[in-house]
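Here the sequence shown stands for residues 1 to 135, numbered as in full-length UniProt numbering.
Idealized CB from N, CA, C, for every residue including glycine.
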Amino acid sequence: MITYRPEGVYKGPHFFILNKGLNSGKPLKKPCPNCFVISCNSESEKESLYWIVYSLHQGKRFQIALVGSVIPFIRKDDLIKIITEAHSATFHKPEAIKKTVSSLLQLEQQEENYKRIQNTLKQLRQVLVHQLIKS
């Protein structure tokens, strides 16, 4: 785990983790200025770690490690400790991880579908209002 630098080149399987703000610990597919880079040995390791971090973030497990009074942030060592403990707890459960990841991916796809539907409804609403005003 290293701090993200825009000029850096990150090869191999990797993902990012937000390290500042109330969403500290959130895994990201694309980098942002305040994040860490997690480099992995394989694509399967990356997927496993990504979803473990996702689960920790959704379960608000990183909240206890936030420090700072104005802009909260998480320290690298604290983040590593939390992820390592969770990884150790799930290491011997590869089938459970696969099943959970599969369910999470399905939920993510449904969420994307709902967002598309919501955008379409918003556009339809705008067209209807525009027609009313135009008439």
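Problem - Reference Pro13; option with closest CA among Ser69, Glu47, Ser103 and Ile74 - result: For Pro13, the closest C-alpha among the options Ser69, Glu47, Ser103 and Ile74 is that of Glu47.
Practice task
Could you check the C-alpha separation between Val129 and Val9 for me, to the nearest Å?
Solution key: Rounded to the nearest angstrom, the two C-alpha atoms are 48 Å apart.
Exercise for the section: Mind checking which residues open and close the beta strand (DSSP E) that includes Ile64? Expected result: That residue, Ile64, is in no beta strand (DSSP E); it is neither H nor E in DSSP.
Problem - Endpoints, the alpha helix (DSSP H) within which Ser102 is located - result: Element bounds for Ser102: Pro94 to Lys134.
Practice task
Please determine, among Asn119, Pro94 and Leu104, the residue with the shortest C-alpha to C-alpha distance to Ser44.
Solution key: If we check each option's Cα against that of Ser44, Pro94 comes out closest.
Practice task
Starting from Leu79, trace the alpha helix (DSSP H) both ways and give me its first and last residue.
Solution key: Note, Leu79: alpha helix (DSSP H), Lys76 to Thr90.
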